[in-house]
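As structure tokens, the structure follows; a few thoughts come after it.
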Amino acid sequence: MRIVSLCPSLTELVFALGRGDDLVGVTEWCVHPSEGVARIEKIGGTKTPDVGRIVELAPDLVLMNEEENRREDAESLRRAGIACHVSMPRDAAETAAMVRSIAAAIDRPESGAAIAGDIERRIVDAKLKASGKPRVRFAYLIWRKPYMAVNGDTYASALLELAGAENVFASRTVRYPEITPEELAAAAPDVVLLCTEPFPFQERHADELAQLTGLARHRFEIADGEYLSWHGSRTPAGIDYALSRVEGARASISAV
Numbered sequence: 477m478r479i480v481s482l483c484p485s486l487t488e489l490v491f492a493l494g495r496g497d498d499l500v501g502v503t504e505w506c507v508h509p510s511e512g513v514a515r516i517e518k519i520g521g522t523k524t525p526d527v528g529r530i531v532e533l534a535p536d537l538v539l540m541n542e543e544e545n546r547r548e549d550a551e552s553l554r555r556a557g558i559a560c561h562v563s564m565p566r567d568a569a570e571t572a573a574m575v576r577s578i579a580a581a582i583d584r585p586e587s588g589a590a591i592a593g594d595i596e597r598r599i600v601d602a603k604l605k606a607s608g609k610p611r612v613r614f615a616y617l618i619w620r621k622p623y624m625a626v627n628g629d630t631y632a633s634a635l636l637e638l639a640g641a642e643n644v645f646a647s648r649t650v651r652y653p654e655i656t657p658e659e660l661a662a663a664a665p666d667v668v669l670l671c672t673e674p675f676p677f678q679e680r681h682a683d684e685l686a687q688l689t690g691l692a693r694h695r696f697e698i699a700d701g702e703y704l705s706w707h708g709s710r711t712p713a714g715i716d717y718a719l720s721r722v723e724g725a726r727a728s729i730s731a732v
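So the number in our numbering is just where the residue sits in the sequence shown, counting from 1, plus 476.
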């Protein structure tokens, strides 16, 4: 089977499902597993794939994500007779279903069932661990200049909410709303998670935001964007990571 993946987390999933050797094309942003993707042809970015080259590679299936990739590219590939599997899970449960769907499409149903089952067990475990504990109010920032957060209709927000947190910008109508330091200060989150991707937030940016908002510096923390935004085979570890961040923030609140 010949597979092209246009989404980094789906590329990682293909390897986890045991089909890494069947990948004939991936994007420049597909970096995991590093040794595996190093040998695979790069066919552009997630939003700038070389559609013509993909057609030349004659894949049996192209894996795409509704948010990461462009609809017009999927349509162009389909017009060329290339089958596309397009997904967009918004939480861990939908991710388990996506894993099963992709596993079936690439003839690895047993491997898919194992990963999906692991996700579903961890969902139950996370709910039990968060049950009865006070919710941690958070803001999750993904960009600077302008500052951008996530609303409640996002995978990262859902993962943190599963772990016992509450998104202060959940009700925003835009999935990735622009926010001002003043709005962040008014929302008064218990913790502000500064994501390492797509913008690579660093400690100096936390210092900057603490000064701009007047919020205590200890409320600002750097968060690993791969664990909180990559869906698929990384989701079990992502759930554990979300739990650890929420539990850590809760302990910090109690200590103040």
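Here a beta-carbon is modelled for each residue, glycine too, at the ideal position from N, C-alpha and C. Only a predicted model underlies this, so the values are computations on that prediction, with no experimental measurement involved.
* Which residue spans inside the segment 544-622 form an unbroken beta strand (DSSP E) run of at least 3? -> Inside the segment 544-622, DSSP marks whole beta strand (DSSP E) runs of 3 or more residues at positions 560-563, 612-619, from first to last along the chain.
* Asked: What are the boundary residues of the beta strand (DSSP E) that includes Gly501?
  -> The residue given as residue 501 occupies position 25 in the sequence shown. Where Gly501 is concerned, the enclosing beta strand (DSSP E) stretches over 499-502.
* Asked: Considering only residues of the same chain and omitting the five flanking positions on each side of Trp505, which have a CB-CB separation below 8 Å?
  -> Taking the sequence shown and counting its residues from 1, one reaches residue 505 at position 29. Same-chain partners within the cutoff: Pro484, Gly521, Thr522.
* Any idea if Val650 is buried or exposed, counting beta-carbon neighbours within 10 angstroms, 16 or more meaning buried? -> Stepping through the sequence shown from its first residue, residue 650 is reached at position 174. Per the 10 Å Cβ criterion, exposed.
* Asked: Distance, Cα to Cα, Thr672 vs His681?
  -> As a first step, residue 672 must be located in the sequence shown, where it is residue number 196. As a first step, residue 681 must be located in the sequence shown, where it is residue number 205. Thr672 and His681 have their C-alpha atoms spaced approximately 11 Å apart.
* Leaving out five residues on either side along the sequence, give the residues of the same chain with a beta carbon under 7 Å from the beta carbon of Gly701. => Translated into the one-based positions of the sequence shown, residue 701 becomes position 225. Excluding residues up to 5 positions away in sequence, Cys671, Thr672, Glu673 lie with their Cβ nearer than 7 Å to the Cβ of Gly701 in the same chain.
* Asked: Given that a residue counts as buried once 16 or more other Cβ atoms are within 10 Å of its Cβ, and exposed if not, what is Val600?
  -> Taking the first residue of the sequence shown as position 1, residue 600 is located at position 124. Exposed, since its Cβ has fewer than 16 Cβ neighbours within 10 Å.
* **Euclidean distance between Cα positions of Val562 and Met540** => By 1-based counting over the sequence shown, the position of residue 562 is 86. By 1-based counting over the sequence shown, the position of residue 540 is 64. Taking the Cα positions, Val562 is about 5 Å away from Met540.
* Asked: Buried or exposed: Pro565, going by 16 or more other Cβ atoms within 10 Å of its Cβ?
  -> Translated into positions along the sequence shown, residue 565 becomes position 89. Its Cβ being crowded by 16 or more others within 10 Å, Pro565 is buried.
* What is the DSSP secondary structure of Ala625, counted as helix, strand or coil? -> Position 149 of the sequence shown holds residue 625. Reduced to three states, the DSSP call for Ala625 is strand.
* Would DSSP call Pro484 helix, strand or coil? -> Position 8 of the sequence shown, counted from the start, is the residue given in the question as residue 484. Note: Pro484 maps to helix in three-state DSSP.
* Using a Cβ-Cβ cut-off of 8 Å (strictly less than) and excluding sequence neighbours within five positions of Ala580, which residues of its own chain qualify? -> As a first step, residue 580 is located in the sequence shown; it is residue number 104 there, counting from the start. Non-local C-beta neighbours of Ala580 in its own chain, meaning closer than 8 Å and more than five positions away in sequence, comprise Gly588, ordered along the chain.
* Whole angstroms is fine: what's the gap from Asp497's alpha carbon to Leu685's? => As a working mapping, residue 497 is identified with position 21 in the sequence shown. As a working mapping, residue 685 is identified with position 209 in the sequence shown. When rounded, the distance between both Cα atoms is 44 Å.
* Expressed to the nearest angstrom, what Euclidean distance is found between the alpha-carbon atoms of Arg693 and Val722? -> The residue given as residue 693 occupies position 217 in the sequence shown. The residue given as residue 722 occupies position 246 in the sequence shown. Per the coordinates, the alpha-carbon of Arg693 lies some 17 Å from the alpha-carbon of Val722.
* For Glu488, count neighbouring Cβ atoms within 10 angstroms of its own Cβ and tell me buried if that reaches 16, exposed if not. => The sequence position of residue 488 within the sequence shown is 12, counting from 1. It counts as buried.
* Asked: What is the C-beta distance between Val711 and Ala569, in whole angstroms, given that I count them as a contact (C-beta under 8 Å)?
  -> Position 235 of the sequence shown holds residue 711. Position 93 of the sequence shown holds residue 569. The sequence shown places Thr at residue 711, rather than the Val named in the question. About 10 Å; that fails the 8 Å criterion.
* Ser647 versus Ala632, Glu658, Gly628, Glu637, residue with shortest Cα-Cα distance -> Your numbering for residue 647 matches position 171 in the sequence shown. For Ser647, the closest of Ala632, Glu658, Gly628, Glu637 by C-alpha to C-alpha distance is Gly628.
* Among the residues of its own chain, which have a CB less than 7 Å from the CB of Arg576, if the five just before and after it don't count? -> As a working note, residue 576 is residue 100 in the sequence shown. Beyond the five residues adjoining it in sequence on each side, Arg576 comes within less than 7 Å, by CB distance, of Gly588, Ala589, Ala592 in the same chain, given in chain order.
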